[in-house]
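Top to bottom, those sequences are chains A and B.
Residue 1 is where the first sequence starts when you use the numbering used here, and the numbers rise one by one after that.
Residue 112 is where the second sequence starts when you use the numbering used here, and the numbers rise one by one after that.
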Amino acid sequence: GESVGLHLPTLSVQEGDNSIINCAYSNSASDYFIWYKQESGKGPQFIIDIRSNMDKRQGQRVTVLLNKTVKHLSLQIAATQPGDSAVYFCAENISDYKLSFGAGTTVTVRA
Amino acid sequence: GAGVSQSPSNKVTEKGKDVELRCDPISGHTALYWYRQSLGQGLEFLIYFQGNSAPDKSGLPSDRFSAERTGGSVSTLTIQRTQQEDSAVYLCASSLLTEAFFGQGTRLTVV
Numbered sequence: 001g002e003s004v005g006l007h008l009p010t011l012s013v014q015e016g017d018n019s020i021i022n023c024a025y026s027n028s029a030s031d032y033f034i035w036y037k038q039e040s041g042k043g044p045q046f047i048i049d050i051r052s053n054m055d056k057r058q059g060q061r062v063t064v065l066l067n068k069t070v071k072h073l074s075l076q077i078a079a080t081q082p083g084d085s086a087v088y089f090c091a092e093n094i095s096d097y098k099l100s101f102g103a104g105t106t107v108t109v110r111a
Numbered sequence: 112g113a114g115v116s117q118s119p120s121n122k123v124t125e126k127g128k129d130v131e132l133r134c135d136p137i138s139g140h141t142a143l144y145w146y147r148q149s150l151g152q153g154l155e156f157l158i159y160f161q162g163n164s165a166p167d168k169s170g171l172p173s174d175r176f177s178a179e180r181t182g183g184s185v186s187t188l189t190i191q192r193t194q195q196e197d198s199a200v201y202l203c204a205s206s207l208l209t210e211a212f213f214g215q216g217t218r219l220t221v222v
């Protein structure tokens, strides 16, 4: 499944499939980006980050891709699990590490 | 614990009353953020403290909102003459350089 920021704020994905969550950022000067996961009733938790001198970074089951040309960030989750159900936010460093957050995408994993 | 601590976790107040929300950041973190999250919405930036620099207050929605950070550590967000539209979860985060760590938030309900 795939979503694009504000236009598709929800994503439903079958358990075991790969998920792709997209985010468009606003500031071409932003040099640092983070993906956060927020489960119901909890604060956002760090998933993975990437600096602007990279275009790809991999973590455990997650990959972040950065396309600076079109100011686009994506989070790929491999083999999506029920525990991945949450709201996912991208954040960009605007200046002096002040973070600006996107609207968020709600991911629901179907069993 | 070693994480960001916020208190109270829940606060119900009457319209027109003042409230104070507290944030204990991770020890040694120089940056502290306050965000507001309405139900089902993204994170709205309120205020940002970085070291001894003047805080970035550009996100405070009105002059009823103020925040302090004493001794570069604990922060208090004060909302005067609360209104029903102030009802939200108020999230605090701290960081040293890059990744911001969030607390669990304070759920404020104005009745």
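We put the CB at the ideal spot given by N, CA and C, even for glycine.
In this text, all values refer to a predicted model and were calculated from it rather than measured experimentally.
Fewer than three beta-carbon pairs drawn from the segment 117-136 of chain B and the segment 86-104 of chain A are found closer than 8 Å, and the two stretches are therefore not classed as touching. By the criterion of a C-beta distance shorter than 8 Å, residue 154 of chain B is surrounded in its chain by 146, 147, 148, 202, once the five residues flanking it on both sides are discounted. Taking a C-beta distance under 7 Å as the contact criterion, residue 192 of chain B and residue 121 of chain B do not qualify as a contact pair. Here residue 87 of chain A is not near residue 63 of chain A, since their CB atoms are 7 Å or more apart. Each residue's CA atom was taken as its position, placing residue 47 of chain A and residue 91 of chain A some 11 Å apart. Taking the beta carbon of residue 144 of chain B as reference, the chain A residues within 8 Å of it are 98, 99, listed in sequence order. Here residue 63 of chain A is bridged, per DSSP, to A:58, A:76. Put simply, the CB of residue 33 of chain A is far from chain B, with every gap to its CB atoms at 7 Å or more.
About 22 Å separates the CB atoms of residue 56 of chain A and residue 45 of chain A; that is not less than 8 Å, and the two are not in contact. In the DSSP assignment, residue 93 of chain A falls within the beta strand (DSSP E) that extends over 86-95.
An exposed status is given to residue 27 of chain A, since fewer than 16 other beta-carbon atoms sit within 10 Å of its beta-carbon.
Put simply, of B:204, B:221, B:216, B:222 the residue whose alpha carbon is nearest the alpha carbon of residue 138 of chain B is B:204. Separation of residue 210 of chain B and residue 142 of chain B (C-alpha to C-alpha, rounded to the nearest whole angstrom) is 10 Å. Residue 39 of chain A carries a coil assignment under DSSP once its states are collapsed to helix, strand and coil. Residue 103 of chain A has a beta carbon lying within less than 7 Å of a beta carbon in chain B. Among the residues facing chain B, residue 43 of chain A is included, as its CB has a counterpart in that chain under 7 Å away. In terms of beta-carbon proximity, residue 132 of chain B stays away from the interface with chain A, with every pair separated by 7 Å or more.
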